[in-house]
Amino acid sequence: MAIDLLSAASDGVFALLDAAISPDVAEVATNPEQREPGDAGDRNVVMFGDIDSENVAGKGEQCERITIEIIVIYRGNQRSQLQSLMHLVRDALENAVPAIAGVTFQSIDFLGAASSPPATDGVTHAGIVTISLEAEPA
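The letter at position 48 of the sequence shown is residue 48 when you use the UniProt record's numbering, and the numbering goes up by one with no holes.
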């Protein structure tokens, strides 16, 4: 019987991020609170985007490569601050190994990152950090 490696990986990566990023720096959230229209307050958010799973096991076995896009949102005037926050995400995850009972993980690999220019409001910047890891039942 197969186990849910996708949820285990996302829970494990979330726990690593939540432990590494201070709430004073950014909110690490699965579903961040919605902002009110016109709210101009600074609020940095780290959350998951797409999470994909690929089978890398032989017949009758279970091992998956899980790829996670981590979205980083920064509000402010310096794109470099977004990129610093993105580096904090990378630093928290690269080569780390999540700990979830019943699952064996390989270390996390950094696949890449991209940052965008500000949105039309001129102060909201977004970036994506992409990681992958392999997981199998323990």
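A virtual CB, placed ideally from N, CA and C, is assigned to each residue, including glycine.
From which residue to which residue does the alpha helix (DSSP H) around alanine 8 run? Looking at the DSSP string, the run of the alpha helix (DSSP H) that includes alanine 8 is 5-20.
Close beta carbons around threonine 67, own chain, < 6 Å, minus the five adjacent residues each side: In the same chain as threonine 67, and ignoring 5 residues on each side of it, the C-beta atoms closer than 6 Å to its own belong to Asp52 and Ser132, in chain order.
For glycine 127, does the count of other Cβ atoms within 10 angstroms reach 16, so buried, or fall short, so exposed? By the neighbour-count definition (other C-beta atoms within 10 Å, threshold 16), glycine 127 is a buried residue.
Using only CA atoms, which one of Cys63, Leu82, Ala57 and Ala96 lies nearest to phenylalanine 14? Looking at Cys63, Leu82, Ala57 and Ala96, the one whose alpha-carbon comes closest to that of phenylalanine 14 is Ala96.
Classify glycine 12 as buried or exposed, calling it buried when 16 or more other Cβ atoms lie within 10 Å of its own Cβ. Buried, since its Cβ has 16 or more Cβ neighbours within 10 Å.
Methionine 86: buried (16+ other C-beta within 10 angstroms of its C-beta) or exposed? Methionine 86 comes out buried.
Write down the C-beta distance between glycine 102 and isoleucine 3 rounded to the nearest angstrom, noting that I regard them as a contact closer than 8 Å. That belief holds up - the Cβ atoms of glycine 102 and isoleucine 3 are roughly 7 Å apart, short of 8 Å.
Sub-9 Å separation of glutamine 78 and serine 115 beta-carbons: Going by C-beta atoms, glutamine 78 is not nearer than 9 Å to serine 115.
Helix, strand or coil for arginine 75, going by three-state DSSP, please let me know. Residue state, collapsed to three classes: strand.
Beta-carbon separation (whole angstroms), alanine 26 vs asparagine 44, contact threshold 8 Å: In this structure, alanine 26 and asparagine 44 form a Cβ contact; the two beta carbons are roughly 4 Å apart against a cut-off of 8 Å.
Does the beta-carbon of glutamate 64 have 16 or more other beta-carbons within 10 angstroms, so that it is buried, or is it exposed? Under this definition glutamate 64 is a buried residue.
If I'm right that glutamate 94 touches phenylalanine 110 with Cβ under 8 Å, what's the distance once you round it to whole angstroms? The beta carbons of glutamate 94 and phenylalanine 110 sit about 5 Å from each other, so the pair counts as a contact at 8 Å.
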